[in-house]
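Going down the list, the sequences are from chains H and V. Note that my numbering numbers the first sequence so that position 117 is 117, with each residue one more than the last. Note that my numbering numbers the second sequence so that position 196 is 196, with each residue one more than the last.
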Amino acid sequence: MSLRSLHFAGEEAPPFELKGSLFTLTVLHLFQLDRAAIERQLAEKIKQAPSFFNNTPVVIDLEGMADSPDSFDFNGLYELLRAHGMVPVGIRNGTPMQQAAARLAGLPVLPESRATNNGKKPERTESVPVHSRIVNHPIRSGQQIYAPDGDLIVLGAVSAGAEVIADGNIHIYGVLRGRALAGVRGDAETRIFCQSLEAELVSIAGRYRISEQIEPSERGKAAQIHLVEDRLVIEHLNR
Amino acid sequence: MATVIVVTSGKGGVGKTTTSASFATGLAQRGYRTVVIDFDVGLRNLDLIMGCERRVVYDFVNVINNEANLNQALIRDKRVENLYILPASQTRDKEALTKEGVERVLNELRVGFDYIVCDSPAGIERGALMALYFADQALVVTNPEVSSVRDSDRILGILASRSLRAEQGDEPVKEHLVLARYAPERADRGDMLSVDDVLEILGIPLLGVIPESQSVLQSSNAGVPVILEDSSEAGAAYGDLVDRFLGKNLPHRFTSSQKKGFLQRLFGGS
C-alpha cells in the first residue's frame, strides 16, 4: 500500500526499470588510516550492537582525510570493513587522488550531501535549520497547506475536505477531520500528532490509512501516528 | 461609512435570501439606513422575497455597466423606512460582475448607508466570490445537515483567504453563524445535527438559530420578509438575530423541544 508506487502499464513488460530512490546509509567518517586503531574501534562498536553489523552498507567519508597522503590502500580498507560485517558501497569527499584510487578499487564516488559533517571537528554535529510552518487559524474544507522542508504546526482544527502536508512532522492542536500527510518526500521517521483523530486519511512517507481503516477505538482521541517497520501505527497520547 | 455584510453559505437552498431579506429589514426597522443587494445575477430571487418584483426597472448590472445610476436602480421598500433593494439582472450572467464595477457601486453606497447586505448566490464561483470579496462581516447560513455544514466550512476558508481583507492582510472578515431550518425535536432524535454539533465543526460564534417553520414558505410566497410576521417563530428568531448583531445579549430561543432543556444544559440548570 504505497501512494508512491507506480505500475508499468506497457504492453510488453520490460525486463527492468530505473528509478531514483532515497536510502538512509551509515556513513563512516574516516579521520586517520591507522589500521590497528580502526580495527580496535570497530570491534568495540560491534560489541555494542552486534546485530547492526550484518552486511551493513556504509559510505566512507574522506573529508577528514584531506591532509593525509594521497596514496591510499582502499583494497585494504575494504577487506577490513568486510571482515567486520560492513559492505562499503562508495566514498564521499576526499582529494582527487583519493577519489581516483577509490574508483580503481571499484568504489564509486558519491555526490556530497547537504548535511556534510565538518570532518576536522567530529564531535560537533552541524545543525541544519528546519523551517517549520505555523498556521494560526483552522484549515477549512478545500484548503491545502504544505510545509516544504519541515514541520507543519496547526493551531486549530483541520476540517473534513482539508489537506495538510509536510516534508516533516505534522502537529495539529485541534481536531483532525481532514487529510494529513507527513514525510511526503519519503522521510519515514516523521510523525503526525493531533488532539483528536477523526481523519479522512493519514499518511507517513507514502504509507496511508483511510478513514475506514481507522478503528472506532482509535478515533476521537489524542493520537500520534508513526511508522513501525513500515507499518502505520496509531497510538493514543496519554493526557 | 457603511459596513458591508455578505450573507453566504456555499450550498443552495439553505436560506440565504430569506436571511438577507429579514436581516436587512430588521436593521432598517431599528433605524439604520440599509440596502440589500442581490448578487445572484441570472437567478434573481430577492425581489420576490421582498415583494418588489413588479417595481424593478434597472438592476445591479445596469449600474455596473453605467447604463443607469444608483438612484434609478435602487427600489425603496414600501413597508419599512430606510430600506432599499438593489435587484439582480435576470437576463445576464455572473460574468457581468466585475471587481471594479462592484467596488465602484459599493463605494457609492457606502456614503449614504449604514449597512450594505450582499445576498450571495450559491456555489463558490464568480458571483459568490464577488459577493464576499468586499465584505467586512459575514453571515454564514447553514442547515443542520452534513453537506451544508461542509460547504459552509469551505466558504469560511474562502472568506479567510480570498476576501479583500485577507488579501490586504487587514483584520479578517468577522464571521457569524446562522443555523436555519432547525427542528429541535429532530435534532434530539439524532435525525439532524444539533446546534452543538454544528458549532463544534465550524467553530465560529452563533448569531442565531432559525426554527423550521411553515411561515417562512408562506411569507416568501407572499413577498413579505418573515421578520415582519409577528406571530411567526422564525420571524421572532430573526428579530433576536438582528438585535444580537447590533450588540444585545439575548439567549437563543427555539433550540430545544422542551421549553427549558437547552438553556438548562447551557447554564447548568440554574
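Beta carbons: idealized from backbone N, C-alpha and C, even for Gly. In this text, all values refer to a predicted model and were calculated from it rather than measured experimentally.
Delimiting residues of the beta strand (DSSP E) encompassing residue i
i: V:Ile-201; result: Unbroken run through V:Ile-201 is the alpha helix (DSSP H), 195 to 202; no beta strand (DSSP E).
i: H:Ile-204; result: 201 to 204
i: V:Thr-25; result: Taken as a continuous stretch (DSSP letters only), V:Thr-25 belongs to no beta strand (DSSP E), being part of the alpha helix (DSSP H) at 16 to 29.
i: V:Ala-68; result: Unbroken run through V:Ala-68: none, as it is neither H nor E.
i: H:Ile-153; result: 152 to 154
Buried or exposed (CB count within 10 angstroms, at least 16 for buried), residue i
i: H:Lys-120; result: Because H:Lys-120 carries a pLDDT of 46, less than 50, the predicted location of this residue cannot be relied on, and the following value inherits that uncertainty. Exposed.
i: H:His-131; result: exposed
i: H:Met-97; result: exposed
i: V:Met-1; result: exposed
i: H:Ala-9; result: Because H:Ala-9 sits at a pLDDT of 44, beneath the cut-off of 50, its placement in the model cannot be relied upon, and the point is left open.
i: V:Lys-16; result: buried
i: V:Pro-205; result: exposed
i: H:Ile-210; result: exposed
i: H:Ser-21; result: exposed
i: H:Phe-23; result: exposed
i: H:Arg-82; result: exposed
i: H:Thr-26; result: exposed
i: V:Leu-202; result: buried
i: H:Gly-220; result: exposed
i: H:Asn-93; result: buried
i: V:Phe-245; result: buried
i: V:Lys-99; result: exposed
i: V:Leu-250; result: exposed
i: V:Arg-150; result: buried
i: H:Ser-51; result: exposed
Candidates the options, of which the one nearest residue i by Cα
i: H:Tyr-146; options: H:Gly-156, H:Val-135 and H:Leu-155; result: H:Val-135
i: V:Leu-97; options: V:Ile-155, V:Leu-217, V:Pro-121 and V:Leu-241; result: V:Pro-121
i: H:Glu-212; options: H:Gly-220, H:Ala-182 and H:Leu-201; result: H:Leu-201
i: V:Ala-160; options: V:Val-149, V:Pro-225 and V:Asp-136; result: V:Asp-136
i: V:Leu-129; options: V:Thr-18, V:Ile-158, V:Thr-19 and V:Pro-205; result: V:Ile-158
i: V:Leu-83; options: V:Glu-108, V:Asn-107 and V:Gly-112; result: V:Gly-112
i: V:Gln-168; options: V:Asp-151, V:Glu-175, V:Ser-152 and V:Phe-134; result: V:Phe-134
i: V:Thr-91; options: V:Thr-18, V:Thr-19 and V:Leu-43; result: V:Leu-43
i: H:Arg-207; options: H:Gly-161, H:Leu-232 and H:Arg-191; result: H:Leu-232
i: V:Thr-25; options: V:Pro-144, V:Thr-8, V:Glu-212 and V:Lys-78; result: V:Lys-78
i: H:Pro-216; options: H:Asp-230, H:His-171, H:Ser-203 and H:Glu-198; result: H:Glu-198
i: H:Leu-62; options: H:Phe-53, H:Gln-224, H:Phe-193 and H:Pro-111; result: H:Pro-111
i: H:Gly-142; options: V:Ile-124, V:Thr-142 and V:Ala-131; result: V:Ile-124
i: V:Val-272; options: V:Pro-87, V:Ala-28, V:Leu-109 and V:Ser-213; result: What is shown of chain V runs 1 to 270, which leaves residue 272 of chain V out entirely.
Minimum Cβ-Cβ distance from residue i to chain V less than 9 Å
i: H:Arg-219; result: no
i: H:Arg-177; result: yes
i: H:Gln-143; result: yes
i: H:Arg-133; result: no
Where the alpha helix (DSSP H) through residue i begins and ends
i: H:Glu-163; result: Where H:Glu-163 is concerned, there is no enclosing alpha helix (DSSP H), although the beta strand (DSSP E) it sits in stretches over 163 to 166.
i: V:Ile-155; result: 146 to 162
i: V:Thr-142; result: Taken as a continuous stretch (DSSP letters only), V:Thr-142 belongs to no alpha helix (DSSP H), being part of the beta strand (DSSP E) at 137 to 142.
i: H:Glu-235; result: Unbroken run through H:Glu-235 is the beta strand (DSSP E), 231 to 236; no alpha helix (DSSP H).
i: V:Ser-220; result: 214 to 222
i: H:Ala-43; result: 35 to 48
i: V:Tyr-238; result: 233 to 245
i: V:Met-192; result: Looking at the DSSP string, V:Met-192 is not in any alpha helix (DSSP H), and its letter there is neither H nor E.
i: H:Gln-99; result: 96 to 104
Any C-beta of chain H under 9 Å from that of residue i
i: V:Arg-150; result: yes
i: V:Thr-136; result: The residue you asked about is not Thr; residue 136 of chain V is Asp in the sequence shown. So no, V:Asp-136 is outside the interface.
i: V:Ile-124; result: yes
i: V:Asp-197; result: no
i: V:Asp-153; result: yes
i: V:Leu-74; result: no
Within chain H, the residues that residue i reaches when beta carbons sit closer than 8 Å
i: V:Ser-194; result: None at all; the shortest Cβ gap to chain H is about 17 Å.
i: V:Arg-33; result: In chain order: nothing, as chain H lies at least about 33 Å away.
i: V:Gly-203; result: Pro-138, Gly-156 and Ala-157
i: V:Asp-170; result: The premise fails here: V:Asp-170 is roughly 15 Å from chain H at the closest Cβ pair, so nothing lies under 8 Å.
Chain V contact residues for residue i, given Cβ-Cβ distances below 7 Å
i: H:Ala-160; result: Arg-150
Closer than 9 Å at the beta carbon, the chain H residues around residue i
i: V:Leu-156; result: Pro-138, Arg-140, Ser-141 and Ser-159
Any C-beta of chain A under 9 Å from that of residue i
i: V:Ala-160; result: Note that chain A does not occur in the displayed structure, where the protein chains are H and V.
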